[in-house]
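Student: First, the structure itself, so that you have it in front of you.
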Amino acid sequence: MSATDANGSAQTQPASGGIGIANLPNQLHKIVTKKGTNFSIMVVGESGTGKTTFINTLLTTEIIEPLEDAARRKKQLDKTVDINIHKAELEEKMFNVKLNVVDTPGFGDFVNNIDCWLPVVDFIENQYEQYLRQEQQPVRKGVVDMRVHACLYFIRPNGHT
301 MSATDANGSA QTQPASGGIG IANLPNQLHK IVTKKGTNFS IMVVGESGTG
351 KTTFINTLLT TEIIEPLEDA ARRKKQLDKT VDINIHKAEL EEKMFNVKLN
401 VVDTPGFGDF VNNIDCWLPV VDFIENQYEQ YLRQEQQPVR KGVVDMRVHA
451 CLYFIRPNGH T
């Protein structure tokens with residue numbers, strides 16, 4: 301902001317209202333804080349490796365209900381990989397996160413695991429394609445972002461003691 305003094309020369313004064321390049325990070329922070337953000341995490345691994353326990357412990361709440369042993373054994377007979385999406389809204393210090401947890405029960409639970417990864421890759425690719433289609437529309441209000449931001453792969457421990 302500029303002003304003139306008694307001599308008629310211009311003086312530059314800093315803007316106090318949060319306008320200008322210097323305040324751009326602050327403005328962006330305010331926008332993101334007000335609007336919130338989406339975050340999608342995918343957990344992949346064999347049954348019993350602790351995917352559900354990890355997510356529930358990480359978020360200190362029960363987002364995914366653990367399966368009972370009988371239901372888990374019955375599911376293993378299906379020989380399919382399911383994709384389950386669990387949604388939650390988290391708020392911490394006035395910052396909202398719309399969290400999507402993508403669980404893959406049945407992944408790697410079989411003797412022959414050839415092509416067990418295909419449903420997971422197809423899901424990830426489909427989410428990126430859907431987001432691209434939404435972004436190419438002239439009106440982009442209400443864009444649903446289910447793209448996977450992080451994928452955690454749980455490996456069964458098999459060490460010797």
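Take any residue in the sequence shown, note its place counting from 1, add 300, and you have its number in our numbering. We treat Cβ as the ideally placed atom computed from N, Cα and C, and that holds for glycine.
Between D409 and S347, how many whole angstroms is the CB-CB distance? I'm expecting something under 8 Å.
Tutor: 5 Å
Student: Which residues bound the alpha helix (DSSP H) around E389?
Tutor: Looking at the DSSP string, E389 is not in any alpha helix (DSSP H); the run it does join, the beta strand (DSSP E), is N384 to E392.
Student: Assuming L452 contacts V343 (C-beta within less than 8 Å), just tell me the rounded distance between them.
Tutor: 5 Å
Student: How many Å lie between Q437 and Y428 at the Cα?
Tutor: Their backbone Cα atoms lie some 15 Å apart in a straight line.
Student: Which residue or residues does DSSP assign as beta-bridge partners of I341?
Tutor: V401 and A450
Student: Let's see if you can read the secondary structure: which residues bound the alpha helix (DSSP H) around R433?
Tutor: L418 to E435
Student: Within a Cβ cutoff of 8 Å, which residues of the same chain sit near D415, ignoring the five residues on either side of it in sequence?
Tutor: none
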